[in-house]
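Asker: I'd like to ask some things about the structure below.
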Ligand SMILES: *Cc1c(COP(=O)(O)O)cnc(C)c1O
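Residue numbers (the numbering used here): 7 to 402.
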């Protein structure tokens with residue numbers, strides 16, 4: 007199995023392109039342009055050059071010795087995506103897509119953002135290339151992530167606060183899509199996760215899969231063997247698929263995606279799309295067919311998570327597929343467990359993780375003690391916690 011979607015962007019029954027008629031030809035144009043640069047050595051060289059010299063790649067693979075010893079089980083390694091420029095993996099995709107936007111001759115860039123990390127990454131690459139940048143962000147997220155809002159403005163972006171619905175990521179994506187429909191000739195929509203209509207889930211995965219390619223090389227060099235287990239948090243799913251992609255063919259590598267368990271399993275109080283008891287069902291949202299949180303009438307449910315970056319009702323279609331064939335397992339960590347893991351990693355390793363990444367760490371705290379010291383777990387530390395310290399201070 008090669009884990010590529012078919013020509014229409016489907017992995018099994020998941021994915022596709024569910025958009026208004028006016029967006030069909032722009033998405034077709036985007037797909038053509040993307041496939042052209044995918045095989046273009048000059049484009050790929052420029053992408054690699056910026057990953058290295060602008061973002062600081064390759065990011066280290068760090069052996070968390072004290073955490074491993076404390077838990078008394080598997081050896082835990084952290085893939086340090088938090089050390090990227092702007093503080094998370096989001097910049098990998100932003101660099102790739104801004105190069106594509108330039109190639110397509112687009113002068114105006116729009117983006118949505120939840121936690122603000124993708125907005126910051128987009129504003130950053132727009133500043134780098136002198137392009138106009140508009141970022142849509144839910145009003146609730148604007149409140150939770152004030153520091154990132156200021157950063158985007160400092161970088162020269164216009165932040166448009168979205169007051170509709172739950173005022174979080176879903177509502178921001180709706181507004182961004184509306185803007186794109188209206189301004190499609192001049193505007194490039196720089197989508198931030200492995201979500202949305204084809205070709206976004208594929209394109210974002212490809213740009214993020216640098217994470218797994220590096221990790222594979224690094225762990226083989228360190229231990230001479232593949233890891234036993236990979237763990238990553240799953241919002242839309244880009245950091246997780248970026249880590250997993252290079253290992254999908256290796257059957258012995260177990261993979262676990264960790265969703266936001268929120269406050270409880272009740273619909274509306276979490277963002278665990280694969281939790282069937284919690285309201286996760288197959289459906290279509292924002293251009294793609296996947297697992298979504300919905301009520302018995304098919305209305306999209308409200309979601310909750312302590313971390314803005316995981317607070318979304320749908321999940322990338324490739325994850326829905328990987329779950330359906332049993333290649334990747336999905337678990338969840340709740341708000342309290344994430345908060346605990348946030349503190350544990352800070353104490354034991356001197357690394358303050360993003361609250362999103364803390365969900366992955368929380369799951370590692372559960373499974374590592376049951377494994378043996380000659381086994382290895384790699385967890386994707388998708389971002390740093392600077393943006394979250396004020397929120398956590400208020401909670402504690
Ligand atoms: C945005 C974000 C996430 C969630 O998005 P994915 O597309 O699922 O990776 C996770 N961690 C951090 C630090 C983020 O900024």
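Quick reminder that beta carbons are idealized off the backbone N, C-alpha and C, glycines included.
Which residues share a DSSP beta bridge with residue 300?
Answerer: 306
Asker: Quick check: what's the CA-CA separation for residue 134 versus residue 58?
Answerer: Note on geometry: alpha-carbon atoms of residue 134 and residue 58 lie some 15 angstroms from one another.
Asker: Identify which residue in 389, 78 and 109 has its Cα closest to the Cα of residue 39.
Answerer: 109
Asker: Please enumerate, following chain order, all residues with a beta carbon closer than 7 angstroms to at least one heavy atom belonging to ligand 1.
Answerer: 94, 95, 96, 120, 121, 123, 124, 198, 199, 200, 239, 240, 241, 242, 243, 244, 245, 246, 315, 316, 360, 362, 363, 388 and 389
Asker: Rounded to a whole number of angstroms, what is the C-alpha to C-alpha distance between residue 322 and residue 246?
Answerer: Going by the C-alpha atoms only, they are around 10 angstroms apart.
Asker: Pick from 83, 47 and 41: whose alpha carbon is nearest that of residue 226?
Answerer: 83
Asker: With 16 as the cutoff for other CB atoms within 10 Å, does residue 51 come out buried or exposed?
Answerer: exposed
Asker: What residues in its chain sit with their C-beta under 8 angstroms from that of residue 167, if we drop five residues either side in the sequence?
Answerer: 143, 144, 145 and 148
Asker: CB-CB under 7 angstroms to residue 78, same chain, minus the five flanking residues each way: which ones, in chain order?
Answerer: 375
Asker: To the nearest angstrom, report how far apart residue 203 and residue 37 are at their CA atoms.
Answerer: 10 angstroms
Asker: Given 7 angstroms as the limit, tell me if residue 89 has its C-beta closer than that to any heavy atom belonging to ligand 2.
Answerer: Questions concerning ligand 2 fall outside what the structure shown contains, since the ligands it does hold are ligand 1.
Asker: For residue 343, which option in 155, 268 and 289 has the closest C-alpha, if you only look at C-alpha atoms?
Answerer: 268
Asker: Since residue 89 contacts residue 65 with CB under 8 angstroms, what's their CB separation in whole angstroms?
Answerer: That pair is a contact at about 5 angstroms.
Asker: Residue 143 by DSSP, collapsed to three states: which one?
Answerer: strand
Asker: Roughly how far, in whole angstroms, is the beta-carbon of residue 316 from the beta-carbon of residue 347, given that I think they are within contact range, below 8 angstroms?
Answerer: Not quite, the Cβ-Cβ distance comes to about 13 angstroms (not below 8 angstroms), so this is no contact.
Asker: List the endpoints of the continuous alpha helix (DSSP H) containing residue 332.
Answerer: First-last for residue 332: undefined, no H or E at that position.
Asker: Take the Cβ of residue 288 as the centre, count every other Cβ of all protein chains shown within 10 Å, and call the residue buried at 16 or more, exposed below.
Answerer: exposed
Asker: Would you grab the beta carbon distance between residue 244 and residue 214 for me? Rounded to a whole angstrom, and I think it's under 8 angstroms.
Answerer: 5 angstroms
Asker: Closer than 6 angstroms by C-beta to residue 320: which residues in its own chain qualify, once you throw out the five before and the five after it? Chain order, please.
Answerer: Correct list, in chain order: 291, 296 and 298.
Asker: Look up residue 95 in the DSSP assignment and say whether it is helix, strand or coil.
Answerer: coil
Asker: With DSSP as the reference, identify every bridge partner of residue 81, one or two as the case may be.
Answerer: 382
Asker: Note down the Cα distance separating residue 170 from residue 150, rounded to an integer number of angstroms.
Answerer: Distance between the alpha carbons of residue 170 and residue 150: 16 angstroms.
Asker: May I have the straight-line CA-CA distance separating residue 104 from residue 112, to the nearest angstrom?
Answerer: Here the alpha carbons of residue 112 and residue 104 stand approximately 9 angstroms from one another.
Asker: Can you tell me the Cα-Cα spacing of residue 49 and residue 286, whole angstroms?
Answerer: Approximately 39 angstroms between the Cα atoms of the pair.
Asker: If residue 186 sits next to residue 116, beta carbons under 8 angstroms apart, how far is it from one beta carbon to the other, in whole angstroms?
Answerer: Contact flag correct, Cβ pair sits at about 6 angstroms.
Asker: Can you name the start and end residues of the alpha helix (DSSP H) that residue 362 belongs to?
Answerer: 361 to 373
Asker: Going by the CB atoms, is the gap between residue 386 and residue 238 shorter than 8 angstroms?
Answerer: yes
Asker: Kindly list the residues whose CB is nearer than 6 angstroms to the CB of residue 358, restricted to its own chain and excluding five residues on each side of it in sequence; keep chain order.
Answerer: 352 and 391
Asker: Whole-angstrom Cβ separation of residue 248 and residue 218, contact assumed at under 8 angstroms?
Answerer: 6 angstroms
Asker: Taking the C-alpha atoms as reference points, what is the distance between residue 69 and residue 62?
Answerer: 19 angstroms
Asker: For residue 198 versus residue 99, is the C-beta distance shorter than 8 angstroms?
Answerer: yes
Asker: Whole angstroms is fine: what's the gap from residue 232's alpha carbon to residue 258's?
Answerer: Rounded to the nearest angstrom, the two C-alpha atoms are 8 angstroms apart.
Asker: Assign residue 283 to buried or exposed, taking buried as 16 or more other Cβ atoms, counted over all protein chains shown, within 10 Å of its Cβ.
Answerer: Flag for residue 283 reads exposed.
Asker: By Cβ distance below 7 angstroms, which residues in the same chain neighbour residue 273 in space, the five residues on each side in sequence not counted?
Answerer: 284, 285, 299, 301 and 307
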